[in-house]
Amino acid sequence: MQRSGSFCAFFLALAVPAGLLHAREVPARPAPVVDSAAASWPAGLAGPYLVATVAALEGDDAVAGAAFRQAAEIDPGQPALLRRAFLYSALAGDDSAVVLAGRLQGQALAELVLGNDAVRAGRWAEALAHYDRVRKDALVATVRPLLEAWSLLGAGQGERALAALDPLVGDRDLGGYYAVHAALIARAAGWPDRAARYERAALASPAAGHDLFTVLALGHWLIGQGQRAQAAHLVDTLLSGAPGLSLSRQGILAAMDRAPPATPRQGIAQAFAFLSGLVGQEVARMPDPSGRLAHDGGLRDMRMLLLRFALGLDPAVGQARLMLSALQYDAGHAVAARDTLAGAAADDPLATVIRLQCARLDAATGRWDEANAALGRLAAAQPGQPRIWQMLGDLQSDRQDWHGAEASYSRAIAASGPLAGEDWLLLFGRAVAYDRLERWPQAQADLEHALALAPDEVLLLNYLGYSLVQQGRDLPRAESLLRRAVALEPQNAAIRDSLGWALVRQGHVAEGVVMLERAAEQTPEDQAVNYHLGVAYQESGRLREAVNQWHFAQGLPASDPGDAERISAALADAARSVHQGGPPVQAQSGQKKD
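The opening residue of the sequence shown carries number 570 in my numbering; numbering runs sequentially from there.
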């Protein structure tokens, strides 16, 4: 597949009026465009248009679709309103998208929606015609042969279906995936020998074992050949590249005993879900101009559309539910994300992972008791799974149950075996719990171990460095840790504040003032930062400015109740100093930063 350029162009052509965006700018929720001036709008249009605009920008696709549909009915002469009504209805999975697509024939997204509707109704010739009218760009080229092949099978034309896939079976990157679809089509057409040839070709592909659909299909065939151990090896290959699915290893193995999805609707649904995953891989590799990885909102919406297509054809694709739920959560819609997972089948191969994600979303939506109960059941069923204990520890930390969090993280660490890579998160979680329980030696040991695993993780550098400053321990090393964190994230105000505070505590007041002033400019409403800046002014002999800074900080919301006490004490000390002529008492330290 090509890189992001073709993806951006495809999405823009589907959904964005010409000229609205620059070539490399695909906003997550582009503002709707209406060509006429507001003064000339028909009566009643302003209300639904405003609702639709706000909902679209906030990512509430269902409300945006309904409001745009209402606006399009009020002013049917505005093609932009019709396009928006269609786009957001499709993003929401609303059936009205099909009706609207009928008024937009010839546009790529509309043809896909109409093709999918024809597939659901078994109108195979019509489906083929709609899919054929989708323009042949790099993105559609990946999935078009699969749409065509499965539609041809539905029309009873098995030979033509396989002919559509045969030229692609030898493709270096995706040949194995096309071969699996060809094998399923051949078996559905009653040609087991031809199916076996495709299955052997898929197993010989370098990509064998790298996506769930092919693993399930090939694993079922291998078990039928008496090669259950090789089927299990395929699962382990999959999990080595996707360790987040390891909770569902037994579920995947059990699903291999069932025949894989092999109806045309199911095959096309799998193709759309697979394409959404490929787009996600491309997004993860896209650098923005600063060199950081980009997570473009427009591409996220494209992935959501593809997943809606998949689930509209086959609601049983649990992997598509997981992917769509994750995208909804990233867009700030935790309730919708939870609702998406609620439709998953109890025997889905990924059922355990889905239940874990449900618990995470229950916690995110304030249903702590449900989340806690679900995690307890999962932990009892699979006590050796560290991810379950880790999530339980995360939820207990959120509720400041530090004893519970320490116990859960300890179980996760014990179940993980030799720690490596992302396991630093387990150590960090337990270190915070130890710290809150005033068990600093254990906390520091975990932080040091975590840093050995992730030496450039700024969260660790900042937490350990700031903690050492607060305790007055090894201040030169604390400064070194914090300088490295600032070098890694020079625009991070919290880290800049930590380093400024470390400098002040060591007597490097002038440099500390500069650092703290910059942090206060970046986060003017952070009470702790303003308290630290006041102390720096006090240490510089600028008592009036210190008092002003503390008065300002006193009116800010406190993230830590102790900050208000420290500010009040500093102000009282300053007042005594002014009236009595004595030196002020040294300012108190604050709490550590997370």
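For each residue, glycine too, the CB sits at the ideal point set by N, CA and C.
- Note that the C-beta distance between V667 and D686 is below 8 Å.
- Residue nearest to Q1096 within the set A631, P1130, R1113, S977 is P1130 (criterion: CA-CA distance).
- Residue range 677-690 is occupied by the alpha helix (DSSP H) that includes N685.
- The three-state reading of DSSP puts P1045 in helix, counting H, G and I together.
- Excluding residues up to 5 positions away in sequence, A654, S658, S665, L669 lie with their Cβ nearer than 8 Å to the Cβ of R638 in the same chain.
- About 4 Å separates the beta carbon of R907 from that of L930, a gap short enough to meet the 8 Å contact definition.
- Contact annotation, S1067 with L1057: C-beta distance approximately 13 Å; criterion of less than 8 Å not satisfied.
- A buried status is given to H699, since no fewer than 16 other beta-carbon atoms sit within 10 Å of its beta-carbon.
- The Cβ atoms of G745 and A777 sit closer than 8 Å to each other.
- For R872 against G849, the beta-carbon gap comes to about 6 Å, under 8 Å, which counts as contact.
- At the C-beta level, I923 and A913 come within 8 Å of one another.
- Cβ-Cβ distances below 7 Å link T1092 to A1062, V1098 in the same chain, with the five nearest sequence neighbours on each side left out; the list follows chain order.
- DSSP assignment within the region 960-1042 yields the following whole alpha helix (DSSP H) runs of 4 residues or more, N-terminal first: 971-985, 993-1005, 1009-1022, 1027-1040.
- The region 999-1015 and the region 964-971 touch, with no fewer than 3 CB-CB distances between them shorter than 8 Å.
- Between E1026 and the set L994, G646, V1073, Y898, the nearest pair of CA atoms involves L994.
- In chain order, A1115, Q1118, W1119 place their CB closer than 6 Å to the CB of G1103, counting only its own chain and leaving out the 5 sequence neighbours on each side.
- Nearest in C-alpha terms to D644, of all of D629, T622, A612, is A612.
- Nearest in C-alpha terms to D1142, of all of D629, S894, R1113, A823, is R1113.
- With contacts defined by Cβ atoms closer than 8 Å, G1034 and A1054 form a contacting pair.
- In the three-state scheme derived from DSSP, where H, G and I count as helix and E and B as strand, W693 is classed as helix.
- Closest in C-alpha terms to A690, from the list E642, G723, G634, comes G723.
- At the C-beta level, L1006 and L1020 stay beyond 8 Å of one another.
- By the C-beta density criterion, S809 is exposed, having fewer than 16 other C-beta atoms within 10 angstroms.
- In this structure, the beta-carbon distance from F843 to D740 does not fall below 8 Å.
- For the 8 Å CB-CB criterion, L651 and L683 do not form a contact.
- In this structure, G662 keeps its C-beta atom at 8 Å or more from the C-beta atom of G795.
- Short of 8 Å from the beta carbon of L803, and not among the five residues preceding or following it, lie these beta carbons of its own chain, in chain order: A777, G778, V784, L787, G788, L791.
- By the CB criterion at 8 Å, S1109 and V1083 fall outside the cutoff.
- Rounded to the nearest angstrom, the Cβ distance from A920 to G820 is 5 Å, consistent with a contact under 8 Å.
- Cα atoms of P775 and M825: separation of roughly 21 Å, rounded to the nearest angstrom.
- The Cβ atoms of S977 and L961 lie closer than 8 Å to each other.
- The C-beta of L731 has 16 or more other C-beta atoms within 10 Å across all chains shown, which makes the residue buried.
- Exposure of V904 is indicated by the presence of fewer than 16 other C-beta atoms within 10 angstroms of its C-beta.
- Shown here, H789 sits in a helix according to DSSP, grouped into three states.
- Counting along the chain, no alpha helix (DSSP H) covers L919, and no H or E run does either.
- Straight-line measurement puts the Cα of G887 at about 10 Å from the Cα of D916.
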